[in-house]
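Novice:
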Amino acid sequence: MSTALPRHVIDFASDLEPRETEINDPAVVDAPYRSKSWRHFVQPGKNAVAGIWEAGPHRERCQCDYDELCHILEGSVRLTDAEGVARTFGPGDSFVVASGFNGTWENLTTVRKVYFILG
1 MSTALPRHVI DFASDLEPRE TEINDPAVVD APYRSKSWRH FVQPGKNAVA
51 GIWEAGPHRE RCQCDYDELC HILEGSVRLT DAEGVARTFG PGDSFVVASG
101 FNGTWENLTT VRKVYFILG
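For the sequence shown, the UniProt record's numbering gives the first residue as 1, with consecutive numbering after it.
1. Going by beta-carbon coordinates alone, are Asp67 and Gly103 separated by less than 9 Å?
2. Let's see if you can read the secondary structure: which residues bound the beta strand (DSSP E) around Thr21?
3. Can you list, in chain order, the residues of its chain with a C-beta nearer than 8 Å to that of Val96? Leave out the 5 residues immediately preceding and following it.
4. Of all the options Glu22, His8, Arg59 and Gly51, which has the alpha carbon lying nearest to the alpha carbon of Ser37?
5. Apply the 10 Å Cβ neighbour rule to Phe101 and answer buried if 16 or more other Cβ atoms are within range, or exposed otherwise.
6. Can you tell which of Ala27, Arg39, Gly56 and Asn47 has the C-alpha that lies nearest to the C-alpha of Ala13?
7. Judging by CA-CA distance, which residue of Glu106, Ala27 and Tyr33 is the nearest neighbour of Thr21?
8. I need the straight-line Cα distance from Tyr115 to Trp53, nearest angstrom please.
9. Could you give the distance in angstroms between the alpha-carbon of Asn24 and the alpha-carbon of Ser35?
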């Protein structure tokens with residue numbers, strides 16, 4: 001069986017090395033945290049990025065000026081809007097955080113997600 005991919009098809013199961021980042025900015029509500037990101041797709045002309053992201057428990061404020069499709073692979077995350085309405089997502093859940101979201105993103109456990117960001 002061939003391991004070649006059709007043109008313009010990107011396999012997220014590749015052995016791409018993750019980008020590890022320490023997140024320590026004013027949006028972080030609790031202690032700084034480390035994240036890993038495997039960026040499999042970047043198209044600057046369309047402001048599009050896709051890949052896999054992973055980070056441990058933390059909470060941070062979000063004011064989104066982009067749209068993000070998320071599919072949770074592991075862990076659980078709670079999103080709470082500025083009015084206090086909250087929803088928790090876990091493995092197998094898919095959702096979009098649309099541009100204009102203002103609230104908090106809280107990893108309740110270590111979270112691993114597939115993401116596609118546009119904008």
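Just so it is clear, CB atoms sit at the ideal spot from N, CA and C, and this is done for glycine as well.
Specialist: So, from the listed chains and residues:
1. Position 67 of the sequence shown, counted from the start, is the residue given in the question as residue 67. Position 103 of the sequence shown, counted from the start, is the residue given in the question as residue 103. No, the pair does not count as a contact, with Cβ atoms beyond the cut-off.
2. Residue 21 sits at position 21 when you count from the first residue of the sequence shown. First-last of the beta strand (DSSP E) with Thr21: Arg19 to Ile23.
3. Mapped onto the sequence shown, residue 96 falls at position 96. So the list reads Asp67, Glu68, Leu69 and Cys70, once near-sequence residues are dropped.
4. Position 37 of the sequence shown holds residue 37. Nearest of Glu22, His8, Arg59 and Gly51 to Ser37, Cα basis: Gly51.
5. In the sequence shown, counting from the first residue as 1, residue 101 sits at position 101. When all chains shown are included, Phe101 counts as buried.
6. The residue you call residue 13 lines up with position 13 of the sequence shown. Answer by Cα proximity: Arg39.
7. As a working note, residue 21 is residue 21 in the sequence shown. The candidate whose alpha carbon is nearest that of Thr21 is Tyr33.
8. Walking along the sequence shown from the start, residue 115 turns up at place 115. Walking along the sequence shown from the start, residue 53 turns up at place 53. Taking the straight line joining both Cα atoms gives about 7 Å.
9. The residue given as residue 24 occupies position 24 in the sequence shown. The residue given as residue 35 occupies position 35 in the sequence shown. Looking at the two C-alpha atoms, the distance is approximately 11 Å.
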